[in-house]
Amino acid sequence: MDAFDTLKHAFHARLKTSQTDQELAQLKADYLGKKGEVTQLMQVMKDLSESERPVYGQRVNALKKELSEALNAHKKALEKALLEAQLAAEKIDVTLPGDRVQLGARHILSSIVESIEDLFVGLGYQVKEGPEIESDEFNFEKLNLPKHHPARDMQDSFYIDPNTLLRTHTSPVQVRTMLEVGGQKPVKIICPGKVYRRDDDDATHSHQFMQIEGLVVDHHTSMADLKGTLLKMAQTMFGADRTIRLRPSYFPFTEPSVEVDVSCYNCDGAGCSICKHTGYIEILGAGMVHDNVLKMSGYDPKEYQGFAFGIGVERIAMLKYGIEDIRHFYTNDMRFLRMFNQ
Ligand code: PHE
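For the sequence shown, counting from 1, position 252 maps to 950 in this note's numbering; every step adds exactly one.
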C-alpha cells in the first residue's frame, strides 16, 4: 500500500463514523483543506522529475475528487436518514379516532332573555344595554341612593375606586336613557345584562347574575299599566292561566314599591312544595318611579310618571326548569348546557 491507499483508508474509516455536519466539516478540513492531508501530498512534487509530475498531479486530483464525492454522498445519505426519521416520528395515523368537537346549545339564560325581549319588543319597547363598569352616580346616586344611604346595604358592591363599581343592577341603563332624552320624551325600554353583587356563592346566590329591568316613562302612566304589563309577562313565562298578586315593599327608586308573586304553575294556587304551600311564587320587584329619580334625570314629575320592574333571569330559569343550584349556569358542564337544546 502506498501513501495514497493509506490516506484513503484512514479517510473512509473516519467518514463511516461521522454522523453530524460538524464532524463532516472537520473531516473535509483535515483532508481537503489548505493544510489537509491531500494538499500535503503535493509537497512531494518538487522532488519529482519533470515526467513524473503530471502523472502524480493527476493522481492527487483524482484522489481529491474521489474523497470529496464520497464526502458529499455521505452527507446526502445522512440528511436523507434524518428526514426519514423525522417523517417517521411525525407520522399521523389517519385511522385513529379523532377528537370530537363538542357541540353545546344556546345557553338557557340567553334563551330566556331572548324570549322576554321578544315579548317586550312586540309591546313597543326598545332593548337597551350599558356598561358593566359603572359610576357610583348612575348606579346609586341618580336612583335616589345618595352616599351612606342605608339601603345601599341591600346591594353589596364591588368597588373599583370610590366612584366606580361593577353595576349591581341594570337600573343605571335606565338613568342613562332618561338623561339621553333630556327629560323631554317618553321612554319605553328593557335592559338585560350581567350584574354583580358581593355575595358568597352557594346554591341560590351568585356574585354575578343576569337581570332584565324594564322602564316606562310617559304622560299618565299608572300602577294599572304596571300591573297589566307584569301580568302579561308572567303569563308569557309561566303559562296563560297564571295570575299575579302585588305586595307592598320598599325600593329607594320607586314609590310605591311592590314585590310581585305569580300563582304557582305547579299546583295552580292549591299549595305544593314549589310554592312552599302558599300558592304563589315571588318573581320580581317593581314600582312607580320615585319623583326624585324622575327629577334627577330631567323630568317634571307633574308631566311625566313612570313604572319600573326588575327580574332575575336565573331565578326564572330555576323555577321553570326545576334547577336547584344557580352555579350550574356558570360551570359550563356540557351535559347541563345540552339539556336545553331546543
Ligand atoms: N333594581 C332593583 C334591583 O336590582 C330591581 C327593581 C327594578 C326593583 C325596578 C323595582 C323597580 O334590586
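Note that beta-carbon positions come from the ideal geometry of N, C-alpha and C, so glycine has one too.
Secondary structure of R895, DSSP reduced to three states:
Taking the sequence shown and counting its residues from 1, one reaches residue 895 at position 197. Here R895 sits in coil by DSSP.
Look at the Cβ atom of I888, then the Cβ atom of A932, and state whether they are nearer than 8 angstroms.
Here residue 888 refers to the residue found at position 190 of the sequence shown. Here residue 932 refers to the residue found at position 234 of the sequence shown. No, the pair does not count as a contact, with Cβ atoms beyond the cut-off.
In its own chain, which residues sit with a C-beta less than 6 angstroms from the C-beta of L722, not counting the 5 before and 5 after it?
Reading the sequence shown from its first residue, position 24 is the one you call residue 722. Excluding residues within five positions, the ones whose Cβ falls inside 6 angstroms are S716, K773.
Got a sec, what are the start and stop residues for the alpha helix (DSSP H) K908 sits in?
For the purposes of this step, residue 908 is taken as the residue at position 210 of the sequence shown. Reading off the sequence, residue 908 comes out as Met, not Lys. From DSSP, M908 is part of no alpha helix (DSSP H) but of the beta strand (DSSP E) over 906-916.
Between E839 and ligand 1, is there a pair consisting of the residue's CB and a ligand heavy atom that are separated by less than 7 angstroms?
Here residue 839 is taken as the residue at index 141 of the sequence shown, counted from 1. No.
From this set, E735, I858, N1030, I1009, which residue's C-alpha is nearest P890's C-alpha?
Numbered from its first residue, the sequence shown carries residue 890 at position 192. The shortest C-alpha separation from P890 is found at I1009.
On the premise that A1006 lies in contact with G881, defined as a C-beta separation below 8 angstroms, what is that separation, rounded to the nearest angstrom?
Position 183 of the sequence shown holds residue 881. Position 308 of the sequence shown holds residue 1006. G881 to A1006, Cβ: 16 angstroms. No contact.
Which residue marks the beginning of the beta strand (DSSP E) containing Y1002, and which one marks its end?
For the purposes of this step, residue 1002 is identified with residue 304 of the sequence shown, where counting begins at 1. Premise fails: Y1002 is in no beta strand (DSSP E) and is neither H nor E.
Limits of the unbroken alpha helix (DSSP H) element including A803
Taking the sequence shown and counting its residues from 1, the one referred to as residue 803 is at position 105. Looking at the DSSP string, A803 is not in any alpha helix (DSSP H), and its letter there is neither H nor E.
Count the other C-beta atoms from every protein chain shown that fall within 10 angstroms of the C-beta of M743, then say buried if there are 16 or more, exposed otherwise.
Sequence index remark: in the sequence shown, residue 743 carries index 45 (1-based). Exposed.
Neighbour-count burial assignment, E1022, 16 or more Cβ in a 10 Å radius
Taking the first residue of the sequence shown as position 1, residue 1022 is located at position 324. E1022 comes out exposed.
Status (buried if at least 16 other CB within 10 Å, exposed otherwise) for K733
On the sequence shown, position 35 is the one that residue 733 refers to. Under this definition K733 is an exposed residue.
Integer-rounded CB distance, given that A803 should sit under 8 angstroms from F1038:
For the purposes of this step, residue 1038 is taken as the residue at position 340 of the sequence shown. For the purposes of this step, residue 803 is taken as the residue at position 105 of the sequence shown. The Cβ separation is near 6 angstroms, so the contact holds.
Drop a sphere of 10 angstroms on the beta-carbon of Y857, count the other beta-carbons inside from all chains shown, and report buried for 16 or more, exposed for fewer.
Here residue 857 corresponds to residue number 159 of the sequence shown, with the count starting at 1. Exposed is the call here.
Return the Cβ separation of Q909 and H867 in integer angstroms, given the expectation that the two are a contact with Cβ distance under 8 angstroms.
Translated into positions along the sequence shown, residue 909 becomes position 211. Translated into positions along the sequence shown, residue 867 becomes position 169. Correct: roughly 6 angstroms between the Cβ atoms.
Taking 8 angstroms as the cut-off, decide whether the C-beta atoms of M994 and K840 are in contact.
Translated into positions along the sequence shown, residue 994 becomes position 296. Translated into positions along the sequence shown, residue 840 becomes position 142. In this structure, K840 lies closer than 8 angstroms to M994 by Cβ.
Mind checking who M986 pairs with in its DSSP beta bridge?
Sequence index remark: in the sequence shown, residue 986 carries index 288 (1-based). Answer is F1005, bridged to M986.
Whole-Å CB distance - P954 paired with L843, under 8 angstroms assumed
Here the question's residue 954 lines up with position 256 in the sequence shown. Here the question's residue 843 lines up with position 145 in the sequence shown. Wrong, their Cβ atoms sit about 17 angstroms apart, outside the cutoff.
Got a sec? Which residues, its chain only, sit under 8 angstroms from G731 by beta carbon, not counting five neighbours each side?
For the purposes of this step, residue 731 is identified with residue 33 of the sequence shown, where counting begins at 1. The residues are T737.
Contact belief for K826 with V871 at Cβ below 8 angstroms, rounded distance in angstroms
For this step, residue 826 is matched to residue 128 along the sequence shown. For this step, residue 871 is matched to residue 173 along the sequence shown. Yes, they are in contact, since the Cβ atoms of K826 and V871 sit about 5 angstroms apart, within 8 angstroms.
Would a C-beta distance cut-off of 8 angstroms place D923 and R945 closer than the cut-off?
On the sequence shown, position 225 is the one that residue 923 refers to. On the sequence shown, position 247 is the one that residue 945 refers to. The answer is no: Cβ separation not under 8 angstroms.
Return the Cβ separation of T902 and I1024 in integer angstroms, given the expectation that the two are a contact with Cβ distance under 8 angstroms.
Taking the first residue of the sequence shown as position 1, residue 902 is located at position 204. Taking the first residue of the sequence shown as position 1, residue 1024 is located at position 326. At roughly 6 angstroms, the Cβ-Cβ gap stays under 8 angstroms, so T902 and I1024 are in contact.
Should K886 and G828 be called a contact, given that it needs their Cβ atoms to be closer than 8 angstroms?
Sequence index remark: in the sequence shown, residue 886 carries index 188 (1-based). Sequence index remark: in the sequence shown, residue 828 carries index 130 (1-based). The answer is no: Cβ separation not under 8 angstroms.
Can you give the Cα-Cα distance for A727 and K789, rounded to whole angstroms?
If you number the sequence shown from 1, residue 727 lands on position 29. If you number the sequence shown from 1, residue 789 lands on position 91. Straight-line Cα distance between these residues: approximately 37 angstroms.
Starting from P954, trace the beta strand (DSSP E) both ways and give me its first and last residue.
Start at 1 with the first residue of the sequence shown, and residue 954 comes out as number 256. Per DSSP, P954 belongs to the beta strand (DSSP E) from 952-961.
Assign Q1003 to one of two classes, buried (16 or more other C-beta atoms within 10 Å of its C-beta) or exposed (fewer than that).
Indexing the sequence shown from 1 puts residue 1003 at position 305. Its Cβ being crowded by 16 or more others within 10 Å, Q1003 is buried.
Which residues in the same chain have their Cβ closer than 8 angstroms to the Cβ of I1014, if we skip the five residues on either side of it in sequence?
Taking the sequence shown and counting its residues from 1, one reaches residue 1014 at position 316. Counting only Cβ-Cβ distances below 8 angstroms, and skipping sequence neighbours, we find I810, M935, I981.
What residue range is occupied by the uninterrupted beta strand (DSSP E) comprising T862?
On the sequence shown, residue 862 is found 164 positions in, with the first residue counted as 1. 862-864 is the span of the beta strand (DSSP E), which, as asked, contains T862.
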